[in-house]
Every structure is written in C-alpha cells, then in structure tokens.
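Numbering (the numbering used here), first residue to last: 293 to 548. Cβ coordinates follow ideal geometry from the N, Cα and C atoms, glycine included. Single-structure report; data block below.
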C-alpha cells in the first residue's frame, strides 16, 4: 500500500475495455465488477464500473477515482448508490489518463460523503490566483471607479481565500518575451515611432502580409499570455480588467 500526502492508495480498479461504456454482457476478457446493491445481481454500469462498485461495496474506502466522458463515470455512481463527481473539463490534472475521446474525457471521482468529496477536489485542483494588471487599471482616470474596482477585488479575495497580485503585462513581456518577439516591444511602438519620425509616414506593409502577421502575432501573443500570465498548467487565474472609463457621455455625443 502506497501513502501519498498522508492518504493510503489501496488498489487499482478496472476500466471497461477501450475505456468505453460497457455493460456486464459486453465484457469478454474479464468479468464486470459486482454491484453490491439490491439483490447483488444488478449492473454496475461502466466505463468506471470498478471504481463505482468499489465505493459502493467498501465502507472503509473514502474516494474512488475513475473517468467520465458522456456519463460513463456518473452512471456507476448512480447505479452503485454513491456520489459521482464530474469536474469541469480541464480543471483536474490528467497525467497518465487513458484517453477515449479527449474533447470530452474528464477525470471523475466517487465518494459516499460530500464533505470528503469537497476536500478531495480542493486538494486536487489547481491553486487560484487573482491578477491586478496595473497597465489597464492605470488607464482609468476616474478615481471613484478605481475605488469600486479595488473594493470588488477585496470582496473577491475574501470569497476565494487568496490575495491579489499586481502585475504589469509590459514588464512580463520585457522580462520573458516569446522567442518570436526577438526582443521587440509588446506593440512594436519603438519601430513605428522611429520610422515615422524619420520618414514622416507609417511603414507600409501590403494587406496580405498585414493579415498574415496579424494572425501569427495573435497566436504568439495568446500562447505567451496563457503560459506567462495565466500560468494555465499550474493555476486557475482570475484577471481583473475594466472595460472602459466611466464618465458623463450624452446621447448626442459622437463616440471617441
């Protein structure tokens, strides 16, 4: 028996073959687990039938781990009389996971006590972070609006149990740019400013090339933002970004 973070790992349960939904009559190479409920001859459902039957049969077992796609994890919980938890897709780590249909595959787990399920999910989930991007907040000149944003951040901290972190996207880009940036600024401001100062016009780029550059730049920036700012592999990140500054704007005014 292996001990991981103070919890004993007991045994490994069988999936259905090909990690797909499978009833007992469809099991060929090995028999299906036995559902302990009712007369003992009911279907355990599948694909995570082993995990569902185990949590239904053994009172000393707190949590059983399985997988789910379109109900093949939730059904064993239903049929074996226990709770089956299907987390949001991508919210739990899935290293070593046996894939069936990656777009829908999701680690799931079974329990008999909702408090234990909550405890297990908390320790398996990514840590939560709150980012306060000063690049955007500093654009807001309305002090009352900034005060409301700051109050919202305090409420969010209390609700989520974490403190916010101030961040500058510009500084992160400067310190850890993607290789494609080749040391250029975030918006290529320096090059455009130098060119316009020298030639008194913007640098020309043909429309097809502009479109290609735009697509590639967007992909590069998205990948960089997910990796360096959101840190998606390690965190569930909340970024506080105001839409725009609030000030009197009459209906007969042209948009700025």
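By the Cβ rule, the region 340-352 does not count as touching the region 377-384, because fewer than three pairs are nearer than 8 angstroms.
Beta-carbon to beta-carbon, residue 308 and residue 338 are separated by about 4 angstroms, close enough to satisfy the 8 angstroms threshold.
Within the model, the alpha-carbon separation for residue 440 versus residue 519 is close to 30 angstroms. Residue 319 carries a coil assignment under DSSP once its states are collapsed to helix, strand and coil.
Residue pairing of residue 341 in beta bridges, as defined by DSSP: absent, with no partner found.
For secondary structure counted as the alpha helix (DSSP H) over 4 or more consecutive residues, the region 416-476 holds these complete runs in sequence order: 426-429, 435-452 and 461-467. Judged by beta-carbon spacing, residue 344 lies within the 8 angstroms limit of residue 369, meaning their Cβ atoms are closer than that value.
Across the structure, residue 509 and residue 418 are spaced so that their CA atoms are roughly 29 angstroms apart. In terms of Cα proximity to residue 422, the closest of 540, 538, 521 and 320 is 521.
Exclusion of the five residues before and after residue 353 leaves 302, 346 and 347 as the residues of its chain whose Cβ lies within less than 8 angstroms of its Cβ. Beta-bridge analysis with DSSP links residue 535 to no other residue.
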